[in-house]
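Student:
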Amino acid sequence: MAIEGIRHLVECHCILPQYRNRNPPVYHKFVVFSVIEDDKVKPKLAQCNNCGIIHKVVDICKSEIAHGMEEGNSIRGIEDIKLSLPQKMCDFLSQQKPDLSTWEYIEFLLENNLESEVTLNKDQKDDVTQLKILHIKPDGSFKVKTEIRQDEVEIS
Ligand SMILES: [Zn+2]
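At position 122 of the sequence shown the residue is numbered 122 (the working numbering), and the sequence of numbers has no breaks.
#1: Taking any heavy atom of ligand 1 as the mark, which residues have a C-beta closer than 6 angstroms to it, listed down the chain?
#2: Just list the alpha helix (DSSP H) runs in the stretch 27-95, keeping only unbroken ones of 4 residues or longer that don't cross its boundaries, in chain order.
#3: Residue 5 bridges to which residues according to DSSP?
#4: Helix, strand or coil for residue 106? Go by DSSP, reduced to three states.
#5: Please list the terminal residues of the continuous beta strand (DSSP E) segment that includes residue 117.
#6: Using the Cα positions of residue 27 and residue 62, report the straight-line distance between them to the nearest angstrom.
#7: Considering Cα atoms alone, identify which of 15, 102, 112, 91 is closest to residue 3.
#8: Run through DSSP, which three-state label would residue 100 get?
#9: Quick check: the Cα distance between residue 11 and residue 138, rounded to an integer number of angstroms?
#10: For residue 150, which three-state DSSP category applies?
#11: Where does residue 67 land, buried or exposed, given buried means 16+ other C-beta within 10 angstroms?
#12: By DSSP's criteria, residue 16 is part of a beta bridge. Which residues make up the other side?
#13: Could you tell me whether the stretch 76-83 touches the stretch 124-143, where touching means 3 or more Cβ pairs closer than 8 angstroms?
#14: Among 52, 54, 116, which residue has its Cα nearest to the Cα of residue 145?
#15: In this structure, what does DSSP give as the bridge partners for residue 11?
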């Protein structure tokens, strides 16, 4: 069974204050983590980090608002994920403060003994971007490195 994890953006119906007067409206997007099993996205609930409304994530970059669901009591948060991470990783991430989807992604990599690189932070000056990257190896060990890129990069 092929399994993979992905961070992707879903669109909400809310608008951030700085975009309030835009026409056409610029809806807020937030990052969610999803598991793809045999090419199918596992549906899950996610809460908008701006307005708090609950979404049902049904596909990559696609979600439906879960009407009538007021609280996301069943949604896993960072505190829940901390329970299953090795202490060293927990301490490190608590310091770096990545968003929920990054915590979920790292937990997923460790659980499935997968190797990947996760961008934690970036500094940007003109056309130079330095990324802080967490490299997770299949044996669960990890290393932080930096990488300089010349052009704009998309954090994915
Ligand atoms: Zn929202």
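Using N, Cα and C, we set each Cβ at its ideal position, and we do this for glycine too.
Keep in mind the model is a prediction, meaning the values are calculated, not measured.
Tutor: Answer, in terms of the structure:
#1: Summarising the contact set, residues whose Cβ lies nearer than 6 angstroms to any heavy atom of ligand 1 are, in chain order, 12, 14, 28, 48, 50, 51, 53.
#2: Taking only runs of at least 4 residues, the alpha helix (DSSP H) segments lying wholly in the stretch 27-95 are 78-82.
#3: Checking the DSSP bridge columns, you'll see residue 5 partnered with 35.
#4: Residue state, collapsed to three classes: helix.
#5: Run containing residue 117: 116-125, per the beta strand (DSSP E) assignment.
#6: The C-alpha of residue 27 lies about 14 angstroms from the C-alpha of residue 62.
#7: Closest by alpha carbon: 112.
#8: Secondary structure of residue 100 (DSSP, three-state): helix.
#9: Each residue's Cα considered, the two are about 33 angstroms apart.
#10: The three-state secondary structure of residue 150, taken from DSSP, is coil.
#11: Answer is exposed; the Cβ neighbour count stays below 16.
#12: None, per the DSSP bridge assignment.
#13: In short, these stretches do not touch, since the Cβ pair count stays below three.
#14: For the residues 52, 54, 116, the minimum Cα distance to residue 145 belongs to 116.
#15: Paired residue(s): 29.
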